[in-house]
Structures are given as structure tokens and as C-alpha cells.
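Here is the structure we will look at.
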Amino acid sequence: MDAVPDPIRPRFLRTPDAAVHLGLSPRTLEKHRCYGTGPIYHKLGGRIVYRPEDLDAWAEQGLRRSTSDPGKGTVHPAKRLDGYTPPVRR
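The sequence shown begins at 0 in numbering that gives the first Met the number 0 and counts up one residue at a time.
Next comes the structure, spelled out in C-alpha cells:
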């Protein structure tokens with residue numbers, strides 16, 4: 000019998016592929032990275048890469064069973080947490 004090999008899973012995902020993995024846009028993932036609200040990442044040279052298991056662990060923080068379930072963690076929106084808003088240009 001011929002054994003079917005297991006599909007090869009990438010060890011690291013670049014931002015566009017990581018965004019697809021999470022169901023987000025690449026720009027949202029970039030904002031999360033800038034604000035420190037997103038999944039952990041690695042910087043290899045000038046490239047930003049994510050491990051799939053780190054993406055999954057970050058997404059699991061938002062797991063809830065109901066709207067009243069406090070959950071284990073919080074997945075913050077992709078914006079500054081300190082409340083700073085830049086001045087409006089006119």
C-alpha cells in the first residue's frame with residue numbers, strides 16, 4: 000500500500016498568510032503589531048513572521064461560550080490602549 004504523506008505545514012507565516020489564517024486583513028495585523036495588541040511574532044532579518052501555533056494561542060484568548068462569559072483573556076482591538084488620539088489636521 001502507498002502511504003499518503005502528511006501535508007507540510009509551514010513553520011512560519013508572513014503577515015499576509017498569517018492574516019488569512021486569522022481571518023483578518025494584513026493591515027489589521029500590522030496595526031496589532033504596532034500597538035502591541037496582537038500575537039507574538041519573530042523578526043528574521045527585515046521580515047516579520049508568525050508561528051501558526053502563536054496565532055492560534057492569541058485567537059484562543061478571545062474564546063467565549065456566551066456574551067456573559069468573561070473568558071480567559073482579552074483580544075483587544077487594533078488601536079492604542081492608552082487612550083491617545085492624535086490631533087485633527089485641518
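A virtual CB, placed ideally from N, CA and C, is assigned to each residue, including glycine.
All values derive from a computational prediction rather than experimental measurement.
Suppose you measure from the CA of residue i to the CA of residue j; what does that come to, to the nearest Å?
i     : j     : result
Arg50 : Asp1  : 31 Å
Gly72 : Lys78 : 17 Å
Gly37 : Pro6  : 28 Å
Phe11 : Thr66 : 33 Å
Lys30 : Val3  : 40 Å
Arg64 : Gly70 : 8 Å
Ala58 : Cys33 : 18 Å
Leu21 : Asp81 : 25 Å
His92 : Leu62 : Since the first residue shown for the chain is 0 and the last is 89, residue 92 is missing from the structure and cannot be characterised.
Tell me which residue opens and which closes the alpha helix (DSSP H) that residue i is part of.
i     : result
Arg50 : Per DSSP, Arg50 belongs to no alpha helix (DSSP H) and is neither H nor E.
By the three-class DSSP mapping on this structure, what secondary structure does residue i have?
i     : result
Arg89 : coil
Leu28 : helix
Leu23 : coil
Under the criterion of a Cβ to heavy atom distance below 6 Å, does residue i qualify as lining the ligand MN?
i     : result
Ile47 : Of the ligands one can find in the structure shown there are none, so the ligand MN has no counterpart to examine.
Flag this pair as yes or no: are the beta carbons of residue i and residue j separated by less than 7 Å?
i     : j     : result
Ile39 : Asp53 : yes
State the CB to CB distance for the pair residue i and residue j, rounded to an integer number of angstroms; the pair is presumed to be in contact (CB under 8 Å).
i     : j     : result
Arg26 : Val48 : At roughly 17 Å, the Cβ-Cβ gap does not stay under 8 Å, so Arg26 and Val48 are not in contact.
Starting from residue i, trace the beta strand (DSSP E) both ways and give me its first and last residue.
i     : result
His41 : 41-43
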